[in-house]
Amino acid sequence: MQARRSAILFAWLLIAPALLYITVIVAYPLVDTFILSFTDASLKKTTNWVGWVNYEKIFNDTFGTVIVRTFIWTFFSVSIKMIIGTFGAAMLNSAVPGRTLFRILTMPPWIVPMAIGIFMWGWMYNGQFGMISGVLQRMGVVDGPVAFLAYGSTAFWATVFTDVWIGVPMVTLYMMAAMQAIPQDLYEAAWTDGAGRAYRFRRITLPMILPAMITMSMISLISTFNSFDIIWILTRGGPSGETTTMIIDTYHTAIGSKKYGEGAARAVLICIFLSIFCVAYFRVTSRLSQEPAR
1 MQARRSAILF AWLLIAPALL YITVIVAYPL VDTFILSFTD ASLKKTTNWV
51 GWVNYEKIFN DTFGTVIVRT FIWTFFSVSI KMIIGTFGAA MLNSAVPGRT
101 LFRILTMPPW IVPMAIGIFM WGWMYNGQFG MISGVLQRMG VVDGPVAFLA
151 YGSTAFWATV FTDVWIGVPM VTLYMMAAMQ AIPQDLYEAA WTDGAGRAYR
201 FRRITLPMIL PAMITMSMIS LISTFNSFDI IWILTRGGPS GETTTMIIDT
251 YHTAIGSKKY GEGAARAVLI CIFLSIFCVA YFRVTSRLSQ EPAR
């Protein structure tokens, strides 16, 4: 009995730092934000309990449009990153000349500090002296300078493309690691049977890396859904709010307008969406882990 108590105490001592971290860094701010979302906290007046008023305001203003835009922005960014990253990993994992060099070239977007990379793209999107506008003019595609960040539709896709450029290297390396873990015997057997490269990729590679693809999609989804730097540095949510996502709107409300209670309500809604994503992820991965046992 004494030995068991000592083992339990030792186990609690081991997990104590993690519990302390979760309590102080995660749990307390989350609970405090949830409580704050039911108040009218701001910089100009005393704090009063207002109940569900802040949540009612969310669905009575334009925040519904912001939610839809966030999901669209996340969907396209994550989908493009996963497609490019998966096929890029397949190419880099193939026995092609210069693949070591190709692997090195995929690293700069990930190695370069994010803010510097975003500022670089901001200059490239500039209509007067940006490289993209200049190339399009020389090619005769456009007649004059194109200010990509000055119009809602082009600014939206500019932020998507920048996010893809930053996120593709991580997806590529992750998927390449998953592909390298596939037993080569499967490919050799398929090659012996006369299966082509496309057939082997569809029948062997994709099924084997599916768990990794789901995990990487989830990581990318959470990162993209919460992405603040890219949109803030490029457009700050403009023009006319066409690139404003939930995290940008939350910042404008809580920090820009000093409406801390309303901003907290928006933050709680973001947390709810991400929790739903996580629950869906765990259910999918649980089903995949049970399939071999059937």
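The opening residue of the sequence shown carries number 1 in UniProt numbering; numbering runs sequentially from there.
Yeah, the Cβ is synthetic: ideal placement off N, Cα and C, and Gly gets one too.
Please work out which residues of its chain come closer than 7 Å, Cβ to Cβ, to residue i, disregarding the five sequence neighbours upstream and downstream, and give them in chain order.
i	result
residue 81	164, 167, 168, 171, 220
residue 49	38, 39
residue 58	265, 266, 269
residue 117	109, 166
residue 158	125, 148, 149, 234
residue 152	239, 240, 242
residue 293	Its pLDDT being 43, under 50, residue 293 is placed unreliably in this model, and the value from its coordinates should be taken loosely. Excluding positions up to five away in sequence, the list is empty.
residue 201	90
residue 131	124
residue 231	159, 237, 243, 245, 248
Could you pull the start and end residues of the alpha helix (DSSP H) that residue i belongs to?
i	result
residue 72	63 to 92
residue 17	2 to 21
residue 120	114 to 124
residue 104	99 to 105
residue 170	152 to 180
residue 185	184 to 192
residue 132	131 to 138
residue 25	Taken as a continuous stretch (DSSP letters only), residue 25 belongs to no alpha helix (DSSP H), as it is neither H nor E.
residue 197	197 to 200
residue 145	Here residue 145 belongs to no alpha helix (DSSP H), and DSSP marks it neither H nor E.
residue 111	108 to 111
Mark residue i as exposed unless 16 or more other C-beta atoms lie within 10 angstroms of its C-beta, in which case mark it buried.
i	result
residue 265	buried
residue 62	exposed
residue 56	exposed
residue 259	buried
residue 174	buried
residue 93	buried
residue 78	buried
residue 228	exposed
residue 249	buried
residue 64	exposed
residue 194	exposed
residue 225	buried
residue 69	buried
residue 251	buried
residue 133	buried
residue 100	exposed
Quick one: residues in its chain with C-beta nearer than 6 Å to the C-beta of residue i, no 5 flanking neighbours on either side, listed in chain order?
i	result
residue 212	178
residue 54	37, 261, 262, 265
residue 136	142
residue 281	218
Let me check one thing: in DSSP terms, what residues is residue i bridge-paired to?
i	result
residue 42	259
residue 49	39
Only counting runs of 4 or more residues, tell me where the alpha helix (DSSP H) segments fall wholly within the segment 221 to 255, in order along the chain. 229 to 234, 246 to 251
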